[in-house]
Amino acid sequence: MFTDRSTIPGFCVHDRANRFLSATLADSLTIHSYAKLNLGLKVLGKRADGFHDLLSIFQEVDLQDDLHIDVDPGGDLSVIADRDDVPDGPGNLVYRAADALRLRAKRPDLGALVRITKRIPSGGGLGGGSSNAGAVLCALNHAWNLRLPEAELAAIGGEIGSDVPFSVGGGTALVTGRGEEVQPLKIVGDSPIYLLVDPGFSVETAWAFGSVNIKLTSEGPYIRFLNSVRASGEVALLDFLETVENDFLPLICARYPSVQRILSTLEDSGALGASMSGTGATLYGGFSDPQIAEQASLILERLGYVTHLCTPVRRPGGQPDP
30 MFTDRSTIPG
40 FCVHDRANRF
50 LSATLADSLT
60 IHSYAKLNLG
70 LKVLGKRADG
80 FHDLLSIFQE
90 VDLQDDLHID
100 VDPGGDLSVI
110 ADRDDVPDGP
120 GNLVYRAADA
130 LRLRAKRPDL
140 GALVRITKRI
150 PSGGGLGGGS
160 SNAGAVLCAL
170 NHAWNLRLPE
180 AELAAIGGEI
190 GSDVPFSVGG
200 GTALVTGRGE
210 EVQPLKIVGD
220 SPIYLLVDPG
230 FSVETAWAFG
240 SVNIKLTSEG
250 PYIRFLNSVR
260 ASGEVALLDF
270 LETVENDFLP
280 LICARYPSVQ
290 RILSTLEDSG
300 ALGASMSGTG
310 ATLYGGFSDP
320 QIAEQASLIL
330 ERLGYVTHLC
340 TPVRRPGGQP
350 DP
């Protein structure tokens, strides 16, 4: 078992402006695709279109996949992933996003080979597929010299998946609707170090939404906090870890007793708060001290769990776009 520290030099907060690792005349480039944490998740009701209205803070963290892109002048579009549990070709969200982008631009002649190096676990509530789709929209917009604005890329992403619009802009955001309504947030104060824990199982999102039994409410300390965040446009990430609520956590705890043990271990090891990302199954604790976070990761590794230490990823300059 291991802790992935490869992207955390000094536990600094990463700036999303550095996500392009390389680019050569826009013909070949490599781009980071960051994992997403749900810092709480409330279900507000079911919509007429079958989706649910949600309320959450999404936070990109520097556990990332890499997308290696070569422009194909012949117009062929190919997507290849390096893991057997991730589909190639049209079954991958990256392919669908790239195809939708060239259709929106009325340029079906555009092509690319996209090779995905995966590090984000599948089925963990970390939005790896959506992140890949958002990243490829940004990368191909650059590589194909389309110059579409971010808002249009996000609109294309919303046709691909609920979390894709967030992944286009990334950073920290208040997310509502089915996930497509994204309000970028400014981080104020110090940022946590997040210790992610893979509990050893995955959760199907459709099963979770079909099985969850919750009392719908628009009250409570977490919702009040998010309403204040909505009004101010900024968030102090360390200040609300204890108030985070995830409506799916009781369901997952009932099915997998190990979840509560992991959360208790995180809190007993010094986490300011511990919860689950999305519908699961990744668990996380937020820490203010890097050394305490390291010690907690070692404790959980000795118990047999895979962990990742991560820091938040900011939008360029750490600010929402004007």
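Numbering (the numbering used here), first residue to last: 30 to 351. The C-beta atom is built at its ideal place from N, Cα and C for all residues, glycine as well.
In this structure, Val-288 sits away from Pro-221, with a CB-CB distance that is not shorter than 8 Å.
In this structure, Gly-163 lies near Ser-196, with their beta-carbon atoms less than 8 Å apart.
Runs of the alpha helix (DSSP H) spanning 4 or more residues and lying entirely within the stretch 149-206 occur at 157-172, 179-189 and 193-198, in chain order.
Put simply, the stretch 334-345 touches the stretch 189-204. At least three CB pairs are less than 8 Å apart. Distance between Leu-266 and Asp-114, taken at the CA atoms: about 33 Å. In the three-state reduction of the DSSP assignment, Glu-89 falls in the strand class, which pools E and B. Collapsing the DSSP output to three states places Thr-340 in coil. Around the beta-carbon of Arg-131, 16 or more other beta-carbon atoms lie within 10 Å, marking it buried.
When DSSP reads this structure, Asp-99 sits in a beta bridge with Ser-57 and Leu-142. As the crow flies, the alpha-carbon of Asp-117 is around 13 Å from that of Asn-161. Per DSSP, Val-258 lies in no beta strand (DSSP E) segment; the continuous alpha helix (DSSP H) that holds it begins and ends at 250-261. When the five nearest sequence neighbours on each side are left out, the beta carbons in the same chain lying within less than 8 Å of the beta carbon of Thr-294 are those of Ala-325, Ile-328, Leu-329 and Leu-332, in order along the chain.
Here the alpha carbon of Gly-157 sits roughly 14 Å from the alpha carbon of Leu-225.
Straight-line spacing of the CA atoms in Leu-68 and Ser-85 works out to 6 Å. In this structure, Ser-317 sits near Asp-219, with a CB-CB distance shorter than 8 Å. According to DSSP, Gln-212 shares a beta bridge with Leu-203. Tyr-63 sits away from Val-100, with the two beta carbons spaced by 8 Å or more.
Between Arg-125 and Asp-297, the alpha-carbon positions lie close to 43 Å from each other.
Under the three-state reduction of DSSP, Leu-301 is assigned to coil, being neither helix nor strand. Shown here for Leu-278: same chain residues with a beta carbon closer than 6 Å to its own, the five before and five after excluded, namely Met-305 in chain order.
Within the same chain, Cβ atoms closer than 7 Å to the Cβ of Phe-269 are found at Phe-254, the five residues on either side in sequence being excluded. DSSP links Ser-107 through a beta bridge to Leu-142.
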